[in-house]
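Trainee: Got a structure for you, written out below as structure tokens; questions coming shortly.
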Amino acid sequence: MQENFIIYNEEYVLIKEILRKLKSNTSGKAVFITDSEGHCIASSGEMDDINLNSISSLIAGSVAAINSIAQMLKIENFTAVLNESAKESLHISLVNDRTMLVVIFDNTSNLGLVRFRVRSAMDELVKVFQTINKKLKASEKIPGVSPFEGVSDEDIDRIFGD
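Residue numbering for the sequence shown is 6 to 167, as defined by my numbering.
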């Protein structure tokens, strides 16, 4: 099991904007990022009919299985997977070793355009996650400093309405 990672608000806002633009530029139905343990990190689009918790877990498992196949075939891990059906398709790309970008699109979207826009979004996402990693490493060097420092129980109750 991997250690949970923290996404700071500034980077979360950037991620959400990248997803929003990708959804718009691809005419996709939904776009989201999930981690390798199946937790949805951020999303954009039509999510009413989608159980993000379930689909994120299934996608994480699917990517793990595909990477196991790659190892058995003695090839590098796959960086993208496409699942097509008559009406909708699913494009999954590895952002890094812990996160995956998922685009759900229908047959009104052009696959070539989706792939092109995903590559562009991936470049942006890689930079955002590198920034997050740098911030986390910097905070680890300062003993006793937690990213949650200054957050009180009252703040948590106010945020979550308890």
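We put the CB at the ideal spot given by N, CA and C, even for glycine.
Drop a sphere of 10 angstroms on the beta-carbon of R124, count the other beta-carbons inside from all chains shown, and report buried for 16 or more, exposed for fewer.
Mentor: Position 119 of the sequence shown, counting from 1, holds the residue named residue 124. With fewer than 16 Cβ atoms within 10 Å of its Cβ, R124 is classed as exposed.
Trainee: Using only the alpha-carbon positions, how far apart do T84 and E159 sit?
Mentor: As a working note, residue 84 is residue 79 in the sequence shown. As a working note, residue 159 is residue 154 in the sequence shown. Each residue's alpha carbon lies about 43 Å from the other.
Trainee: Report the rounded CA-to-CA distance for L63 versus I46, giving the unit in angstroms.
Mentor: To locate residue 63, count along the sequence shown from 1; it is residue 58. To locate residue 46, count along the sequence shown from 1; it is residue 41. If I take the Cα positions, the gap works out to 15 Å.
Trainee: Leaving aside the five residues before and after V133 along the sequence, list all residues of the same chain whose C-beta is less than 8 Å from its C-beta, in chain order.
Mentor: Here residue 133 refers to the residue found at position 128 of the sequence shown. The residues are E16, L19, I20, I23.
Trainee: Tell me whether M77 is buried or exposed, calling it buried when 16 or more other Cβ atoms sit within 10 Å of its Cβ.
Mentor: Translated into the one-based positions of the sequence shown, residue 77 becomes position 72. So M77 ends up on the exposed side.
Trainee: Quick one, which of I11, K92, F110 has its alpha-carbon nearest E51's?
Mentor: Residue mapping note: residue 51 aligns to position 46 of the sequence shown, counting from 1. When each option's Cα is compared against that of E51, the closest is F110.
Trainee: Tell me which same chain residues have a C-beta within less than 6 Å of the C-beta of L95, skipping the five on either side of it?
Mentor: Here the question's residue 95 lines up with position 90 in the sequence shown. Once the five neighbours on either side are set aside, the close Cβ partners of L95 are N88, I109.
Trainee: Going by C-alpha distance, which of I12, S32, I11, N14 is nearest R120?
Mentor: Along the sequence shown, read from residue 1 onward, the residue named residue 120 stands at position 115. Comparing Cα positions, the closest option is S32.
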